[in-house]
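> Using the working numbering, read the sequence shown as starting at 20 and increasing by one per residue. Mind looking over this structure? Questions follow.
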Amino acid sequence: MTQGYVEAKEAFVDEIKVDEYIELEGSIRAYKQLEYSLERSLKMVLLFGKPGTGKTILLHRLYAQHKNKKDLHFIETPTGNRREFYDKLFTIFTGQKMPPNSTISFETFVAYGKKVKDERKIIILLDEAQMYPTEMLEEIRILSDTGSIKFVISLHKTDNEDLMAKKHFQSRIWETIELKNAELSEIRTYIHKRLLNQGLTEVANQLKDRHFKLIYRLTGGNMRECNKLLYTAFEIAEYYDKHHPAKLDYRRFPSKILEMAAIKTGMIHV
Ligand SMILES: Nc1ncnc2c1ncn2[C@@H]1O[C@H](COP(=O)(O)OP(=O)(O)O)[C@@H](O)[C@H]1O
Ligand SMILES: [Mg+2]
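Here it is, written out as structure tokens:
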């Protein structure tokens, strides 16, 4: 009897593990563009793509690989709270925590940005820009205009946010990098690597071409959807393994289970 469905399930928990980054063609392409954009004199760089296409993991990777060589900073999930944003800016500028009860005006930040223009090339990675209110995005734009701060911004792609991006950053000097859903071959690599990273060769071998085609069809190549589907599928397999092992074929993963998982996660309706 093949074990490993429990571990296989765990392998698809949707979280960011930079040291388990998987080299997928589209992801690597976007990463190289990101790295290149760090060197260029751009004020704004926009990393654009649907939720679940791998934007956050790329920003984490960029940060991990360049933080020791550059004046590079990462602002993760925002709260939309201006005070918190200013606190973070203060720390980036001074290396210190903002003293409690003090307030620093936005103009002070802008003045600082202008002052250090020739000394510092600050780069701020800013994830989930669609969560910032319009006024804060406008402040970000003004800060980038001081010439000492480059923003690399990730943005979920939806129709509204397209508009927002256009309205706010039109006419700015910036580059747009787009991440698309994965191709079938990338989905296969992604799933294989996730399993093999955990030493789950046998489970990986149970997945054949037709499984990958089915997974691709169900998820459209979206990695978050793929995580959800496989997590649920291995959870179901774990149940059968425990209670009805005779119903499992340990040479080939039952497609039926993938279909059950798709129903459970709402990817197909019955
Ligand atoms: N190249 C990759 N290597 C490993 N895991 C990845 C890769 N791309 C995406 N993922 C995984 O897919 C899921 C979605 O990626 P994420 O970066 O959160 O997407 P987004 O920020 O675009 O919504 C996460 O669990 C992430 O770890
Ligand atoms: Mg994200």
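The beta-carbon is built from N, C-alpha and C at its ideal position, and this holds for glycine as well.
If you compare alpha carbons, which of GLY285, ALA252 and HIS288 is closest to GLY23?
Taking the first residue of the sequence shown as position 1, residue 23 is located at position 4. Nearest of GLY285, ALA252 and HIS288 to GLY23, Cα basis: ALA252.
> Using 6 angstroms as the cut-off, classify the Cβ of TYR40 as near or not near the heavy atoms of ligand 1, replying yes or no.
Here residue 40 refers to the residue found at position 21 of the sequence shown. Yes.
> Please indicate yes or no: does the CB of LYS74 lie closer than 6 angstroms to some heavy atom of ligand 2?
Walking along the sequence shown from the start, residue 74 turns up at place 55. Under cutoff, so the answer is yes.
> Does the segment 127-142 come within contact of the segment 162-170, defined as at least 3 CB pairs closer than 8 angstroms?
Short answer: they touch.
> Could you give the uninterrupted runs of the alpha helix (DSSP H) lying entirely in the segment 124-171, keeping only those of 4 residues or more?
Whole alpha helix (DSSP H) segments, 4+ residues: 125-134 and 153-163.
> Taking GLY45 as part of the beta strand (DSSP E), name the residues at either end of that continuous run.
Here residue 45 is taken as the residue at index 26 of the sequence shown, counted from 1. Element bounds for GLY45: not the beta strand (DSSP E) but the alpha helix (DSSP H), 44-58.
> Between the segment 72-84 and the segment 141-155, do at least 3 Cβ pairs fall closer than 8 angstroms?
Because the criterion of three Cβ pairs below 8 angstroms is met, the segment 72-84 and the segment 141-155 touch.
> Going by alpha carbons, who is nearest to THR96 out of LEU198, GLN149 and ILE161?
Your numbering for residue 96 matches position 77 in the sequence shown. THR96 has its Cα closest to that of GLN149, out of LEU198, GLN149 and ILE161.
> Judging by CA-CA distance, which residue of ILE47, MET155, ASP268 and ARG160 is the nearest neighbour of THR72?
Taking the sequence shown and counting its residues from 1, the one referred to as residue 72 is at position 53. Of the listed residues, the one whose Cα sits closest to THR72 is ILE47.
> Is GLY239 close to ligand 1? I mean its beta-carbon at under 6 angstroms from any heavy atom of the ligand.
Along the sequence shown, one-based indexing puts residue 239 at 220. Outside the cutoff, so no.
> According to the Cβ coordinates, are LEU43 and GLU197 closer than 7 angstroms?
As a working note, residue 43 is residue 24 in the sequence shown. As a working note, residue 197 is residue 178 in the sequence shown. Not closer than 7 angstroms, so no.
> Taking Cβ to Cβ, would you say ALA83 is nearer than 7 angstroms to LEU219?
Residue 83 sits at position 64 when you count from the first residue of the sequence shown. Residue 219 sits at position 200 when you count from the first residue of the sequence shown. Cβ atoms of ALA83 and LEU219: not closer than 7 angstroms.
> Considering only the alpha carbon of each residue, which of GLN115, THR177, ILE210 and TRP193 lies closest to ASP33?
Looking up residue 33 in the sequence shown gives position 14. Minimum Cα distance to ASP33 is reached at ILE210.
> Going by Cα to Cα distance, which pick from LYS275, LYS169 and LEU108 is closest to LYS136?
What you label residue 136 is simply residue 117 of the sequence shown in a count that begins at 1. Checking every option, the nearest Cα to that of LYS136 belongs to LYS169.
> Ignore the nearest five residues each way along the sequence and tell me which others in LYS36's own chain have a CB closer than 6 angstroms to its CB.
As a working note, residue 36 is residue 17 in the sequence shown. Nothing meets the Cβ criterion.
> Please name the residue in LEU174, LEU248, ASN216 and LYS212 whose C-alpha comes closest to that of LYS199.
Counted from its first residue, the sequence shown places residue 199 at position 180. Here the closest residue by C-alpha is LEU174.
> Give the DSSP-derived three-state secondary structure of HIS92 in the structure shown.
To locate residue 92, count along the sequence shown from 1; it is residue 73. Three-state DSSP puts HIS92 in a strand.
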